[in-house]
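Numbering (the working numbering), first residue to last: 540 to 643. Taking it in order: structure first as structure tokens, then the write-up.
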Amino acid sequence: MNISFYFQKVDKSCEEQLKNYLTEEKLSRLTRLLQHGNLELADLRILAEHFPHHNEISVKLTLNIKKRELVAEKRSRSVIESFDFALDNLISQLRKLESVMHDK
């Protein structure tokens, strides 16, 4: 799976925190769902953007797989909280997509 990080107006400590959090704790949840031959085809883009006037961080996850694009986005005051909610939403979408594919 290709993973690309994009950061806008985010300080370096948040960048490293998000990268470490994904690789150490959360990547296994996503790869488990993509094990059925889809892992090599998957392309995950992570965009983190800081909005200083609102003191919020937006995390947008875009997963391209099998000519489909799944998008999940969340804004909150914490980069980890935003990422967790967006990842949960993305995993929910992926499970729905897999159940539809298995029903066909």
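Cβ coordinates follow ideal geometry from the N, Cα and C atoms, glycine included.
- Assignment of residue 606 by DSSP, reduced to helix, strand and coil, places it in the coil class.
- DSSP places residue 617 in the coil class of the three-state scheme, outside both helix and strand.
- Between residue 592 and residue 549, the C-beta spacing is not below 8 Å.
- Between the alpha carbons of residue 609 and residue 623 lies a gap of roughly 16 Å.
- When DSSP states are grouped into helix, strand and coil, residue 627 belongs to the helix group.
- Here residue 584 is not near residue 597, since their CB atoms are 8 Å or more apart.
- Cβ neighbours of residue 568 within its own chain (closer than 7 Å, five residues either side excluded): 630.
- The alpha carbon of residue 599 has as its nearest neighbour, out of 571, 618, 639, the alpha carbon of 618.
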